[in-house]
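What follows is a single structure, written as structure tokens, with notes after it.
Protein chains: 2
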Amino acid sequence: MRPSLAIIAGGGDFPPHLARIAAGQSGALFVAALEGAADPLAFGQADLKSYRLGQLGRLLEELRRREITDIVMIGALPRPSFGALRPEASTLKYLPHFARAFKGGDDHLLRGVVRFFEEQGFRVLGPADIAPELTAPVGPLGRNSASPAQKELLVRGFSLLAALSPFDVGQAAILADHRVIAIEAAEGTDAMIRRVADLVANGRLKIAKGDGVLVKAPKAGQDLRVDMPAIGPETLRNIADAGLSGIGLKAGQVLVGGGGNLGSQADQRGLFIEGVA
Amino acid sequence: MRPSLAIIAGGGDFPPHLARIAAGQSGALFVAALEGAADPLAFGQADLKSYRLGQLGRLLEELRRREITDIVMIGALPRPSFGALRPEASTLKYLPHFARAFKGGDDHLLRGVVRFFEEQGFRVLGPADIAPELTAPVGPLGRNSASPAQKELLVRGFSLLAALSPFDVGQAAILADHRVIAIEAAEGTDAMIRRVADLVANGRLKIAKGDGVLVKAPKAGQDLRVDMPAIGPETLRNIADAGLSGIGLKAGQVLVGGGGNLGSQADQRGLFIEGVA
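Taken in order, these protein sequences are the chains called A and B. So the first sequence is numbered by UniProt numbering: it starts at 1 and just counts up by one. So the second sequence is numbered by UniProt numbering: it starts at 1 and just counts up by one.
In structure tokens:
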């Protein structure tokens, strides 16, 4: 029998989707829904309890009572309010563990959270360990696939992201007309795509039909257990608005949202999504 | 005696500044002001004529009549209107030279223009060949210089730009809090700085006082004769708005605007500008 699994669930479609897949596997499943982020109703009949971030102590007690061995964390975290963070008595003793982690950036914090659960005796898995089908496969997701010219842009884009990796930056880039149009840093993928849409709208940039592509991959040091890059229906809408023709994803290393039918959504928009090994 | 020099002048402060410096050197000087870009009144007593882009033939005749040997092109080009481009009879025969150049991006076009003037027998110089004092020196421009922590960010920033160079992108980047915050691609330096200002204004990014820096350098393949990166008073205003602390420039390879007193303008704002070898 598979060890008992707890999904610590944030916001968005990924946590319920992962829960549905995990429920179909052997072994007990428990969902710890983060208040203000996860919608408990989205998880159907799953065995679920909700927790504020300040109720970490209570969550740990529950995980131990249930003899949970494996944990997977997935979904968007809310910008925590002071109310959500307010620690209960059973949480106070863990605070020193996090003081150091809070000093770095988000990456640093996530690594601190992973280390904390490991120190508490749990195994921390990534969504892809439970459900590889949530990530981009090798090849096209829908019926459309990248043309040779588009493939060339994808290859160049992934080389660019690899060159940026030592600088701990560059989860995504946009290429068109044989050149690099935009590189993501602190602004995030959606803001980068909107920037390109604005340049096109203002006439400062022309992107021919079938030309522009988005590439997305994790950075080299990224912990894919807790910080896997993701795309979803919104990404498709945004790249369509910017006049791009498709998306290249590092296969197995980017989460694909849309409840399993993002490929057909891409088809409907005349876009390609392709996983590249 | 120095060979006769023509300045083909676009918009902004750089062309008149270069003309003043060149006028103080030996040799004849002629200014060809591009209509719609250069302001003839800004050039004082210089020997000057104005030309539409479509009057290339007439310009060449004038350069030959004056036995001009050297050309320097400087200043911002207007987005050319059809009116400005409308070729005169004496220009028509040169059009085939430009048909190919117009097909690539801006870089490609500029290289085409350089090649054209060279084919016509002129020597094309860069602004730095005439007036190295227009470019960033090694070391601080004003009284403020980068702190050791800021220097560390500058070094990392220049490494990042060097890593991007093979991809023909990355004239500038912004770093803060030990990481890369923004990378310039098609949007241009000013838009990149405004993006960081917006992230700070929206609370999505915090930049501590004395932390954030802008780095700026040419790309590896850039022809510094016609396409040298530049900063000016507006750059200073923008980085102040974004809460950055200063600017690192590749020494000798970035034009410094502000009529020769950008260092003191930086001092007044508590910013540093530093050339890095």
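Backbone N, C-alpha and C fix where the C-beta goes; we use that ideal spot for every residue, glycine too.
DSSP places A173 (chain B) inside the beta strand (DSSP E), whose first and last residues are 172-176. Straight-line spacing of the CA atoms in G75 (chain A) and Q150 (chain A) works out to 31 Å. Each of A:A191, A:A42, A:I71 was checked against the Cα of Q120 (chain A), and the nearest Cα belongs to A:I71.
Around the beta carbon of H17 (chain B), 16 or more other beta carbons lie within 10 angstroms, which makes this residue buried. Under the Cβ criterion of 8 Å, I183 (chain B) is counted among the residues facing chain A. For A176 (chain B), same chain residues with a beta-carbon under 6 Å away, outside a window of 5 residues either side, are I207, D211, G212 in chain order. A direct Cα-Cα distance of roughly 24 Å separates T69 (chain A) from Q222 (chain A). Cβ-Cβ separation between L271 (chain B) and A240 (chain B): approximately 6 Å, consistent with a contact (criterion under 8 Å). Counting C-beta pairs closer than 8 Å gives three or more between the region 187-199 of chain B and the region 163-174 of chain B, which meets the contact rule. In the structure shown, the three-state DSSP call for A9 (chain A) is strand. Not flagged as an interface residue toward chain A: L154 (chain B), since no C-beta distance is shorter than 8 Å. Residue pairing by DSSP places L255 (chain B) opposite B:T135, B:A230 in a beta bridge. With 16 or more other CB atoms across the displayed protein chains lying within 10 angstroms of its CB, D227 (chain B) is buried. In this structure, A:G57 is the residue among A:V113, A:G57, A:L110, A:E61 with its C-alpha nearest to the C-alpha of A89 (chain A). Approximately 18 Å separates the beta-carbon atoms of V256 (chain A) and L161 (chain A); this is outside 8 Å, ruling out the contact. For the set B:E118, B:V200, B:E187, B:G188, the Cα lying nearest the Cα of I181 (chain B) is the one of B:V200. Between G27 (chain A) and P3 (chain A), the CB-CB gap stays under 8 Å.
Per DSSP, the unbroken beta strand (DSSP E) holding S50 (chain A) starts and ends at 48-51.
Leaving aside the five residues that flank E187 (chain A) on each side, the residues in its chain whose CB is nearer than 8 Å to its CB run, in chain order, R195. The CB of A9 (chain B) never comes closer than 7 Å to any CB in chain A; the least such distance is about 24 Å. Rounded to whole angstroms, the gap between the alpha carbons of V276 (chain B) and M73 (chain B) is 25 Å.
Contact of A163 (chain B) with chain A is assigned, a C-beta pair being separated by under 8 Å. With a threshold of 16 other beta carbon atoms within 10 Å, E184 (chain B) meets it and is buried. Counting only Cβ-Cβ distances below 9 Å, V276 (chain B) has no contacts in chain A at all, with the closest Cβ about 17 Å away. Per the C-alpha coordinates, the member of A:G11, A:A32, A:I130, A:G54 positioned closest to G252 (chain A) is A:I130. For the 8 Å CB-CB criterion, A32 (chain A) and I8 (chain A) form a contact.
In terms of beta-carbon proximity, E187 (chain A) lines the interface with chain B, with at least one pair separated by less than 8 Å. For G54 (chain A), the secondary structure class from DSSP, reduced to helix, strand or coil, is helix. Contact with chain B is absent for F116 (chain A), since none of that chain's Cβ atoms lies less than 8 Å from the residue's Cβ. For the pair R225 (chain A) and R269 (chain A), the Cα-to-Cα distance works out to about 31 Å.
Within 10 angstroms of the beta-carbon of V138 (chain A) lie fewer than 16 other beta-carbons, which makes it exposed. Using a Cβ-Cβ cut-off of 9 Å, L244 (chain B) is close to nothing in chain A; its nearest Cβ partner there is about 13 Å away. Look at P96 (chain A) here: in three-state DSSP terms it is helix. Within 8 Å of the CB of V169 (chain B), the CB atoms of chain A belong to L160, R179, V180, I183, in sequence order along the chain. Residue environment: P132 (chain A) is assigned as exposed (fewer than 16 neighbouring CB atoms within 10 Å of its CB, all protein chains considered).
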